[in-house]
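Using this note's numbering, read the sequence shown as starting at 700 and increasing by one per residue.
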Amino acid sequence: LLSFMYYSKNSNIIGVGIDISTKAIDVALTNITKLQLSSDMISIVNRDFTNLSNISDSITKYNMILCNPPYSSMKEYSRLSGVVREYEPSLALFNHNHPLDSYNSNFSIW
């Protein structure tokens, strides 16, 4: 999202970044400052991706959705690359049920 917003500085695009991880939020806020992105064009929300209904109430239309919710199951852990297993937090990787549940639970509200 941040790189997209950086290269869209001269447009009317507004971005909302959502992450459950406070560490990821801290990194995003640091990068927003480094990239000199305006708070008028981007906001960051510390929230579980599966509970977005009140966020969608404040924004009436989305032109594009960029997302990377949990995409794997614990059964697939051994098949993930070593780099992914070592550096990605499990919160970012694993949906406890089916890997696509995060997608299915959210896109019905938009």
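Yeah, the Cβ is synthetic: ideal placement off N, Cα and C, and Gly gets one too.
Ala791 and Ile712 have their C-alpha atoms roughly 26 Å apart. Annotated three-state conformation of Ile713 is coil, per DSSP. Residue environment analysis places Met704 among the buried positions, since at least 16 neighbouring C-beta atoms fall within 10 angstroms of its C-beta.
Annotated as distal: Asn794 and Ser780, with beta-carbon spacing of 8 Å or more.
Note: Phe703 is not bridge-paired with any residue in the DSSP secondary-structure output.
If you draw a 10 Å sphere on the C-beta of Asp739, you find fewer than 16 other C-beta atoms in it, and that means exposed. Following the DSSP letters along the chain, one finds Asn730 inside the alpha helix (DSSP H) bounded by residues 721–733. Only exposed fits Pro788, as fewer than 16 other CB atoms lie within 10 angstroms of its CB.
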